[in-house]
Structure formats: structure tokens, C-alpha cells
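Chemist: The sequence shown lines up with residues 410 to 504 when you count with this note's numbering.
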Amino acid sequence: MLKNRKNFESTLEAQLAQWKADLDVLKAKATRAKVGAMVQYDQGVDALQAKHDEAGRHLRNLKIASDDAWEGAKVSTEKIWTEFTALFQASAKTP
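Listed below in C-alpha cells is the structure:
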């Protein structure tokens with residue numbers, strides 16, 4: 410179980426880092442956007458940043474969870490990951 414746990418946590422860490430890079434790209438686009446679109450980008454980026462921060466908190470909690478609590482923390486973390494992915498995909502479609 411420990412190997413699976415470490416592999417899962419490493420995968421999440423890599424995904425969180427990738428999302429950070431993707432957020433930076435969206436922030437750069439928001440900076441270059443026209444005024445009307447800038448508000449829309451800013452709102453989307455703010456929502457993504459909040460969800461990214463939440464995902465980071467869940468990952469930290471997952472990493473410190475006891476063996477007994479780890480499965481529950483994993484389910485909770487996977488839920489946040491799914492929410493972030495959906496939010497990011499929706500935001501990426503913003504012109």
C-alpha cells in the first residue's frame with residue numbers, strides 16, 4: 410500500500426505543478442486580453458487559482474494522513490482534482 414500511496418501522491422504533485430504552469434499561461438493571456446475579455450479572464454483565473462489552492466491543501470492533507478484515513482483523503486482529493494480539471498477545461502475555452 411505504501412508504494413501505491415507514494416505513486417499516487419507523486420502523480421498528484423506533478424499534476425499540481427502542471428496546473429500551476431497552465432494557470433501562469435492563462436494569467437499571461439488575461440494580461441494581453443482586451444478590456445472586456447480581461448474581466449472574464451480575471452474571473453476565470455481567480456476561480457482557478459482558488460481551486461488550485463484547494464487542491465494543494467487536499468494534497469498536503471493526503472500526504473500527512475494516517476494509513477487508516479488515507480483512503481478517505483484520497484477520495485476527497487480526487488473529487489477536487491475532477492472539479493479543477495472541469496473548471497480548467499471550461500476556462501481554457503474562454504476566447
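For each residue, glycine too, the CB sits at the ideal point set by N, CA and C.
Considering Cα atoms alone, identify which of Asp455, Arg466 and Ala482 is closest to Leu496.
Modeler: Ranking Asp455, Arg466 and Ala482 by Cα distance to Leu496 puts Asp455 first.
Chemist: Apart from the five residues just before and just after Lys472, which ones in its own chain have a Cβ nearer than 7 angstroms to its Cβ?
Modeler: Taken in chain order, the residues that qualify are Glu418.
Chemist: Mind checking whether Glu435 and Gly465 have CB atoms under 8 angstroms apart?
Modeler: First, the residue type needs correcting, since residue 435 is Leu and not Glu in the sequence shown. No, Cβ-Cβ distance for Leu435 and Gly465 is not below 8 angstroms.
Chemist: Checking 8 angstroms against the spacing of the C-beta atoms, do Leu457 and Ser485 come in under that value?
Modeler: No, the Cβ-Cβ distance between Leu457 and Ser485 is not below 8 angstroms.
Chemist: On the CB-based measure, 16 or more other CB atoms within 10 Å of its CB, does Ala437 come out buried or exposed?
Modeler: Ala437 comes out exposed.
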